[in-house]
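Student: Every position in the sequence shown, counted from 1, becomes a number in this note's numbering once 32 is added.
The beta carbon of each residue, even a glycine, is placed where N, CA and C say it ideally should be.
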Amino acid sequence: MRAPGAQGGFSLVSAIFVIVVLAGVVGYMLQVSTVQLTTTGQGIDAERAYRAAQGGIQWAVSHVLDNSTGSPHSDATTNCNIVDGAGFALNGYAVTLECDTYLFSDPTPRSIYQVTATATRGTIGTPDFVSRAVEVSFSQPPP
Numbered sequence: 033m034r035a036p037g038a039q040g041g042f043s044l045v046s047a048i049f050v051i052v053v054l055a056g057v058v059g060y061m062l063q064v065s066t067v068q069l070t071t072t073g074q075g076i077d078a079e080r081a082y083r084a085a086q087g088g089i090q091w092a093v094s095h096v097l098d099n100s101t102g103s104p105h106s107d108a109t110t111n112c113n114i115v116d117g118a119g120f121a122l123n124g125y126a127v128t129l130e131c132d133t134y135l136f137s138d139p140t141p142r143s144i145y146q147v148t149a150t151a152t153r154g155t156i157g158t159p160d161f162v163s164r165a166v167e168v169s170f171s172q173p174p175p
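#1: Tell me whether Gln-74 sits in a helix, a strand or coil according to DSSP, three-state version.
#2: Drop a sphere of 10 angstroms on the beta-carbon of Thr-71, count the other beta-carbons inside from all chains shown, and report buried for 16 or more, exposed for fewer.
#3: Could you pull out every residue in the same chain whose Cβ sits closer than 6 angstroms to the Cβ of Tyr-163, ignoring the five residues on either side in sequence?
#4: Assign Ser-46 to one of three DSSP states: helix, strand, or coil.
#5: Would you report the Cα separation of Ser-171 and Thr-158, rounded to the nearest angstrom?
#6: Sort Leu-129, Ile-144 and Glu-130 by Cα distance to Phe-136 and report the nearest one.
#7: Under three-state DSSP, which class holds Ile-144?
#8: Let me know if Thr-155 comes out buried or exposed under the rule of 16 or more other beta-carbons within 10 Å of its beta-carbon.
#9: Name the DSSP bridge partner or partners of Thr-66?
#10: By DSSP, does Ser-171 sit in helix, in strand, or in coil?
#11: Suppose you measure from the CA of Val-93 to the CA of Ala-121; what does that come to, to the nearest Å?
#12: Are at least three pairs of beta-carbons, each pair with one atom in the region 127-136 and one in the region 52-69, less than 8 angstroms apart?
#13: Just the Cα atoms here: how many angstroms apart are Ser-169 and Gly-87?
#14: In the DSSP assignment, what are the bridge partners of Tyr-125?
#15: According to DSSP, what are the bridge partners of Glu-79?
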């Protein structure tokens, strides 16, 4: 038996254990929540970069082909009428364009254009860096 007034201290040990376990669970939940938010944000940034690259492709196609006839602009028959590496900014994303022209003459002469648009934001090696590229090949409609 214990002497009157002596305490065992089991309640104190139990309370400290419960507090430590709960703090660990809360810390883990915060980490999981942060990872989920970061992943969602990166997914949104990747989609925005993809859409910016698509916008670059649309601009390049309209720049190479005449919208009214679908035929190439006069200076686009031997080149793309786009300077490689040219680009623009779209909502914080830098869009660069590259274009190659391939001339074919069998059975009818035509040019095939291959355009690559790359949209980037941020600095390489940082967590907020994102880059997406879209490539398309097209030609003027047959005569």
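Tutor: Taking the coordinates as given:
#1: In the sequence shown, the residue the question calls residue 74 occupies position 42. Gln-74 falls in the helix class under three-state DSSP.
#2: One-based indexing of the sequence shown puts residue 71 at position 39. When all chains shown are included, Thr-71 counts as exposed.
#3: Numbered from 1 along the sequence shown, position 131 holds the residue referred to as residue 163. Before going on, a small fix: residue 163 reads as Ser here, not Tyr. So the list reads Thr-152, once near-sequence residues are dropped.
#4: As a first step, residue 46 must be located in the sequence shown, where it is residue number 14. DSSP places Ser-46 in helix when its eight states are reduced to three.
#5: Counting from 1 along the sequence shown, the entry for residue 171 is found at position 139. Counting from 1 along the sequence shown, the entry for residue 158 is found at position 126. About 39 angstroms.
#6: Here residue 136 refers to the residue found at position 104 of the sequence shown. Measuring from the Cα of Phe-136, the nearest candidate turns out to be Ile-144.
#7: As a first step, residue 144 is located in the sequence shown; it is residue number 112 there, counting from the start. The answer is strand: DSSP assigns Ile-144 an E or B state.
#8: For the purposes of this step, residue 155 is taken as residue 123 along the sequence shown, with counting starting at 1. With fewer than 16 Cβ atoms within 10 Å of its Cβ, Thr-155 is classed as exposed.
#9: What you label residue 66 is simply residue 34 of the sequence shown in a count that begins at 1. Answer is none; Thr-66 lacks a bridge partner.
#10: Counting from 1 along the sequence shown, the entry for residue 171 is found at position 139. Here Ser-171 sits in strand by DSSP.
#11: Along the sequence shown, one-based indexing puts residue 93 at 61. Along the sequence shown, one-based indexing puts residue 121 at 89. When rounded, the distance between both Cα atoms is 17 angstroms.
#12: When C-beta atoms of the region 127-136 are compared with those of the region 52-69, fewer than three pairs fall below 8 angstroms, so the two segments do not count as touching.
#13: By one-based count along the sequence shown, residue 169 stands at place 137. By one-based count along the sequence shown, residue 87 stands at place 55. Rounded to whole angstroms, Ser-169 to Gly-87 spans 15 angstroms at the Cα level.
#14: Counting from 1 along the sequence shown, the entry for residue 125 is found at position 93. Answer is Leu-122, bridged to Tyr-125.
#15: Stepping through the sequence shown from its first residue, residue 79 is reached at position 47. DSSP, once it has assigned bridges, lists no residue as partnering Glu-79.
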